[in-house]
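Number of protein chains: 2
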Amino acid sequence: MATMHRMQTAGLELFYANGYYATSVDDILKKLSLSKGAFYYHFASKEDFFIQIIQNLLARKIYSVLIEPIEGHDNPLEQIVDCFEEALETAVHNDMDFGCVLNNFLTEFRGKDQKIMKHLCDIFSIWEVNLVSTLQKGKFNGYVDRHVDCEAAATYLISSYFGVRTLMVGTTPSARKYRFMSQLRVYLKSLEPRKVVA
Amino acid sequence: MATMHRMQTAGLELFYANGYYATSVDDILKKLSLSKGAFYYHFASKEDFFIQIIQNLLARKIYSVLIEPIEGHDNPLEQIVDCFEEALETAVHNDMDFGCVLNNFLTEFRGKDQKIMKHLCDIFSIWEVNLVSTLQKGKFNGYVDRHVDCEAAATYLISSYFGVRTLMVGTTPSARKYRFMSQLRVYLKSLEPRKVVA
DNA sequence: GGTTAATCCGACCGTTTGGTCTGTACAAAG
DNA sequence: CTTTGTACAGACCAAACGGTCGGATTAACC
């Protein structure tokens, strides 16, 4: 694997684990047994390094994990349950959950680094827009009730997903996952089409 | 106001705005035109300073804003709507929302400072326990359906509340608040007692 | 063999960090 | 007037930070 790619992979891991500001360039280099020269040969600055990680790694992962599995199928509500279920399962095993990564970075850079914030918001926006249109398509296909406000539903779904990751820090994350999923199903049930009253 | 109290107030503001690690002791002292001597006369360390802020300011505010307004009333579902509505309104005006503060710190210290994490989890736990017991009381009083899993509902409610604060960073926070509240009502509606089928 | 460009090393720099320590202004007590 | 303890000032420190720079290594090409 090329050095540049190794740096990005290790960088994302450490930034996710410790935060951007709390992770020094030396930390990353120490993990890979590399030197300052190697880093600043490939990247202009720490900020530039981070932005490349976002665009090369995070954006693609968000798409493949949170967008692609949902869009393109018939019943969006079922796909959402499966997708969240899978994402939270990786969270239970403490593997890197890219939805959580995005959430962490969004909170860390709020009101600080505008440039980085722009890139993060772009990624988030893509996810949101896709979720909304998928719900609207589900409405068209009869899987979502026609009275549902799809934009509001997307906001609520993403909110709950982002938030539950914060709750899964403490003890018994799998219990919290189970509780969350049960109520997610309750909420999604209310989006289903009303039975036609004969 | 005593110097010690002024430091804590200013400290919380800056920690909330910039994060714990990204805020230096000098930043706080500069804001109050004080010196290092004053700080380390009152506090043993930056960590000790932060813990005192958590216990003296954050814990009390969480109670008065998120716990007290919900408990003790008849219908918990109505109180939850009002309470979240009010909390998110302060968020729209960019004032300090203490639920958001707790969320930010929980994500910032995850897996880093165990000692601080313990204190934050304690505060969170109090909120969660209160919300669960309030829902259970609501079930007893006939405002919540008897089939509802109160622990799961509390988890879901807190998740969505924590998460929506992340979404309100970008543009049009008030629009996101409106969408969130509409779906919160949809969800809470599904917790109401089923009409007895005659 | 000599030249060139790519890749990486590691000493070094200025600044900032959390924290220490000596000193001092001052009010209350003797 | 002297003593004593409180409440702060600010110079100072070692460590860590992001970033620079001259040089070493290596392989490819003429």
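Here the protein sequences come in this chain order: A and B.
If you're matching positions, the first sequence starts at 24 in our numbering and goes up one per residue.
If you're matching positions, the second sequence starts at 24 in our numbering and goes up one per residue.
Even glycine gets a Cβ: it sits at the ideal position worked out from N, Cα and C.
Start-to-end residues for the alpha helix (DSSP H) that takes in residue i
| i | result |
| --- | --- |
| residue 63 of chain A | 59-65 |
| residue 119 of chain A | Run containing residue 119 of chain A: none; DSSP gives neither H nor E here. |
| residue 111 of chain A | 99-115 |
| residue 47 of chain B | Unbroken run through residue 47 of chain B: none, as it is neither H nor E. |
| residue 146 of chain A | 137-163 |
| residue 186 of chain B | 173-190 |
| residue 210 of chain B | 196-212 |
| residue 76 of chain A | 69-76 |
| residue 83 of chain A | 82-85 |
Inter-residue spacing [alpha-carbon to alpha-carbon] between residue i and residue j
| i | j | result |
| --- | --- | --- |
| residue 87 of chain A | residue 151 of chain A | 14 Å |
| residue 28 of chain A | residue 143 of chain A | 20 Å |
| residue 35 of chain A | residue 218 of chain B | 51 Å |
| residue 79 of chain A | residue 32 of chain A | 10 Å |
| residue 75 of chain A | residue 203 of chain B | 32 Å |
| residue 176 of chain A | residue 54 of chain B | 42 Å |
| residue 167 of chain A | residue 167 of chain B | 26 Å |
| residue 139 of chain A | residue 100 of chain B | 39 Å |
| residue 58 of chain A | residue 25 of chain A | 15 Å |
| residue 39 of chain B | residue 216 of chain B | 40 Å |
| residue 85 of chain B | residue 182 of chain B | 16 Å |
| residue 63 of chain B | residue 73 of chain B | 13 Å |
| residue 159 of chain B | residue 131 of chain A | 36 Å |
| residue 43 of chain B | residue 205 of chain A | 35 Å |
| residue 194 of chain A | residue 65 of chain B | 34 Å |
| residue 148 of chain A | residue 179 of chain A | 14 Å |
| residue 185 of chain A | residue 141 of chain B | 21 Å |
| residue 94 of chain A | residue 161 of chain A | 10 Å |
| residue 46 of chain B | residue 67 of chain A | 25 Å |
| residue 60 of chain B | residue 133 of chain B | 31 Å |
| residue 52 of chain B | residue 30 of chain B | 8 Å |
| residue 207 of chain B | residue 198 of chain A | 23 Å |
8 Å Cβ shell around residue i - same chain, five flanking residues per side excluded
| i | result |
| --- | --- |
| residue 114 of chain A | 120, 123, 188, 191, 196, 200 |
| residue 136 of chain B | 70 |
| residue 92 of chain B | 102, 105, 106, 109 |
| residue 146 of chain A | 77, 81, 82, 85, 125 |
| residue 89 of chain A | 106, 110, 121, 122, 150 |
| residue 50 of chain B | 37, 41 |
| residue 117 of chain B | none |
Short CB-CB distance (under 7 Å) between residue i and chain A
| i | result |
| --- | --- |
| residue 213 of chain B | yes |
| residue 44 of chain B | yes |
| residue 197 of chain B | no |
| residue 31 of chain B | no |
| residue 205 of chain B | yes |
| residue 210 of chain B | yes |
| residue 202 of chain B | yes |
Residue i Cβ short of 6 Å to the ligand GTP heavy atom set
| i | result |
| --- | --- |
| residue 51 of chain B | The ligand content of the structure shown is nil, which means the ligand GTP is not present either. |
Own chain, CB closer than 7 Å to residue i, minus 5 neighbours either side, in chain order
| i | result |
| --- | --- |
| residue 209 of chain A | none |
| residue 164 of chain A | 97 |
| residue 174 of chain B | 155 |
| residue 48 of chain B | 62, 69 |
| residue 21 of chain B | With chain B represented from 24 up to 221, any question about residue 21 of chain B goes unanswered, as that position is not in the structure. |
6 Å CB neighbourhood of residue i in its chain, flanking five on each side removed
| i | result |
| --- | --- |
| residue 154 of chain B | 177 |
| residue 111 of chain A | 200 |
| residue 128 of chain A | 143 |
| residue 157 of chain A | 93, 94, 99 |
| residue 211 of chain B | 100 |
Worksheet item: Residues in the stretch 49-78 of chain A with C-beta within 7 Å of chain B's C-beta atoms, listed in sequence order?
Response: none
Worksheet item: Taking any Cβ of chain A, which residues in the stretch 160-193 of chain B have a Cβ under 9 Å from it, in chain order?
Response: Within the stretch 160-193 of chain B, the qualifying residues are 171, 172, 174, 175, 176, 177, 178, 179, 180, 181, 182, 183, 184, 185, 186, 187, 188, 189, 190, 192, 193.
Item to complete: Please name the residues in the stretch 115-137 of chain B whose beta-carbon is closer than 7 Å to at least one beta-carbon of chain A, in chain order.
Response: 126, 127, 129, 130, 131, 133, 134, 135
Practice prompt. Give, in chain order, every residue of the stretch 99-110 of chain B whose Cβ lies closer than 8 Å to some Cβ of chain A.
Written response: none
Fill in: Within 9 Å of chain A by C-beta, residues of the stretch 78-92 of chain B in sequence order
none
Item to complete: Report the residues of the stretch 144-158 of chain B with a CB closer than 7 Å to any CB of chain A, ordered along the chain.
Response: 144
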